[in-house]
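So the sequences go chain by chain: U and P. Each residue of the first sequence is one higher than the last, beginning at 21 in our numbering. Each residue of the second sequence is one higher than the last, beginning at 5 in our numbering. One structure below.
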Amino acid sequence: MTEGTWLNVALVGAGGALFGGGWGAVRGHERSKCGRVLLAATGVALGGALVARWRAAGHAPLSSQYESLVFVAFATAWSTFAWRGSPAWANALAGLGVALLLGLAALVRGPAEPLVPALQSNWLLIHVAITMTAYAVFLLAAGAGGWLLLRGRLPGPPPKELDGFAYRAVVGGVFLLAVGIATGAVWANEAWGTWWSWDPKETWALITWIGYTLALHLRRTRAWRGDRFAWLTVAGIALVGFTYFGVNYLLTGLHSYASGGS
Amino acid sequence: MNKRDWRRFPAAGWRQLGGVSLFLVLAPAVLAACILGGVIPQGEDAAPWARLLGLDAIFSRRWFLALLGLLGLNLAACSLQRLRTLRLPVWLTHVGMLVILLGGLLTGLASRHATLVLEPGKTVAEAPARDGTSLALPFSVRLVRFTVEKYGTDRHLLAAAPGEELPLETGRAADLGRGVTARLLTAYPDFMMGDHGPTTRSADPRNPAALVEIRRGGKASRLWLFERFPLFYREHGTDKGLPDLLYRFTPARVKQFVSELEVLENGKVVAAPRVAVNSPLHRRGWRLYQSGYDPARPGVSILQVSRDPGTPVVYLGFVLLPLGLLLTAFDRRGK
């Protein structure tokens, strides 16, 4: 199957997971077998798309905005399974996330290009995959936070469950982003001779990390739970969005190759 | 304030120094400073107004370094005060962050960076540092060869009709239709008139030009085609019956920059490393990185020279911090 076919299957699967999981959640079911199977199928299809792209490009498909978006979608689909057997509402959340990410990916899609010298390193796979997984987890946290804030207007799971999910996702994301920043620093030291140069991408990744650690401290020491923590996850995803998209398109730096289709 | 209060002051200050309240003030302050530095172009790219306000080098300003220092003190005091009460994952996370800050301090104080501009065949043992001084290396370096490896080859394209580009090659004539063929004779990525005729100023495609042989009705003629001056051949050519010709040069993408070096100690060659982007040379505490080249001087390689005693400390922090965070994720008590 071609990359495009895999992506189409993933999009259908994500739509199915959204409606299957959403239907289960609205009906008050804790689990949705349909939503879970469809989300797993979405994850498999996204894996297929990444493998097809890898074969076409001859390198790990993580060197452009499009490729990384597909990876974030892949990580979003699979991350959900780490949360207590993937409840129905989490399947719906992940399905919505994957669909949105694939929509964005379609806007910036470009052909597979050979790697520029700076990206020819095994760190590409390690650093980008870990960082993108962190973004996926933060997206899920913001989804849960947003759902929590919309309760009353939107049927869904108990607020406590959404709050717990958002908190666990933020803890996991902070760990993943720390590893992502650390591996990036080690790579920068190998490529440019300095482990930190206050490049805009580095700086914004640090801003995002500090932002989420601040949220965790506020929750643990000032009891910012429920709605307050939910607002923090929404603010956090805005930081992730700027680090991921804004820096590539609005600022120039050592990571400038990350924008656009090539 | 009575005498008793004064005695209490150091203890209270120490408690405040390790307090969460101080962190909740410092972290947003660092965050705000980073946002400023992350949005306002820094260094050479800084706008005049940013220079005027001192916002052109935020990350090296004393107030920013003081903020980081205070954050480090806050972390250290917090970790020491809660040695028995803080859970191990949280304590490890704090210590990891502290170690990274200490490594950063060591990097800031003791690291040395310089730039080596290497010409083929020349031996160099000193590099001009960023602060204007010169760094003496414990060995000498000689550039044997510098090459720019590319994916595939440069492409020359010619369009006689909109959207129909044909590859121009030296060995084979391209059929432009209406009985007209074109063959590439020679090409210059950055055309200029030298003392001995046409030549290229650099390898950069700043002014691509091609000398092309055109055959029309059994008659051959030579044309100069310029990518940036598409009407040049119309104004200077003799064959007025030619179709509109548009020349385009697409250079092959760079695959890698490679410097083949010789390392000399006591006048003898002791190593012959190959330095490329992501493949630095490590020797006697120094690192040499492929950082650039001079398009105007083909064969000249630019290397970055660096020595940073803070790196191992920072790497230790990179192990401790994520380890603490990982344990935090599995710490049920911390929920």
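Ideal Cβ positions, reconstructed from N, Cα and C, are used throughout, including at glycine.
Problem - Short CB-CB distance (under 7 Å) between W103 (chain U) and chain P - result: no
Practice task
Name the residue from P:P212, P:S83 and P:T185 whose alpha carbon lies nearest to the alpha carbon of P247 (chain P).
Solution key: P:T185
Exercise for the section: Indicate whether A37 (chain U) and N111 (chain U) have their beta-carbon atoms separated by less than 7 Å. Expected result: yes
Problem - Distance, S305 (chain P) Cα to P316 (chain P) Cα - result: 29 Å
Handout entry: Integer Cβ distance of L120 (chain P) from V309 (chain P), believed to fall under 8 Å
Key = 6 Å
Practice task
Reducing DSSP to helix, strand and coil, say where H286 (chain P) ends up.
Solution key: strand
Practice task
Leaving out five residues on either side along the sequence, give the residues of the same chain with a beta carbon under 7 Å from the beta carbon of P302 (chain P).
Solution key: A207
Problem - Per-residue burial, W67 (chain P) [other beta carbons within 10 Å of its own, 16 or more giving buried] - result: exposed
Practice task
Answer yes or no: the CB of L182 (chain U) versus the heavy atoms of the ligand GTP, is any distance below 6 Å?
Solution key: The ligand GTP is not among the ligands present in this structure, which contains no ligands whatsoever.
Exercise for the section: Please classify F230 (chain P): does DSSP put it in a helix, a strand, or coil? Expected result: strand
Handout entry: Residues of the segment 36–50 of chain P whose Cβ lies closer than 8 Å to any Cβ of chain U, in chain order
Key = C38, I39, G41, G42, V43, P45, Q46 and D49
Handout entry: Any 3 or more C-beta pairs closer than 8 Å across the segment 37–55 of chain U and the segment 121–138 of chain U
Key = no
Exercise for the section: Tell me, please, whether the CB atom of I146 (chain U) is closer than 7 Å to any CB atom in chain P? Expected result: no
Handout entry: T190 (chain P) - partner residues in DSSP beta bridges
Key = P:L215
Handout entry: Those residues which DSSP pairs with R159 (chain P) across a bridge
Key = P:T254
Practice task
Only counting runs of 4 or more residues, tell me where the alpha helix (DSSP H) segments fall wholly within the segment 66–143 of chain P, in order along the chain.
Solution key: 66–85 and 92–114
Handout entry: Contact set for R19 (chain P): own chain, Cβ-Cβ below 6 Å, skip 5 residues either direction
Key = none
Practice task
Can you pull the chain U residues whose beta carbon is under 8 Å from the beta carbon of S310 (chain P), in chain order?
Solution key: G213 and T214
Exercise for the section: Taking all protein chains shown into account, decide if L105 (chain P) is buried (16 or more other Cβ within 10 angstroms of its Cβ) or exposed. Expected result: buried
Problem - Beta bridge counterpart(s) of P202 (chain P) as assigned by DSSP - result: P:M197
Practice task
Determine which residues share a DSSP beta bridge with R278 (chain P) and list them.
Solution key: P:E264
Exercise for the section: Grab me the residues of Y277 (chain U)'s own chain with a C-beta within less than 6 Å of its C-beta, minus the 5 sequence neighbours each way, in chain order. Expected result: With a pLDDT of 47 at Y277 (chain U), under the threshold of 50, the predicted position of this residue should be treated as unreliable, and no value is reported.
Handout entry: Contact set between the segment 228–259 of chain U and chain P, restricted to residues whose Cβ is under 8 Å from the partner
Key = I230, G231, T233, L234, H237, L238, R240, T241 and R242
Practice task
Within its chain, find whatever has a CB closer than 8 Å to the CB of A178 (chain P); leave out the 5 residues flanking it on each side and keep chain order.
Solution key: L162, L170, P171, L172, T185, A186 and R187
Practice task
Return the first residue and the last residue of the beta strand (DSSP E) that S305 (chain P) is part of.
Solution key: S305 to R311
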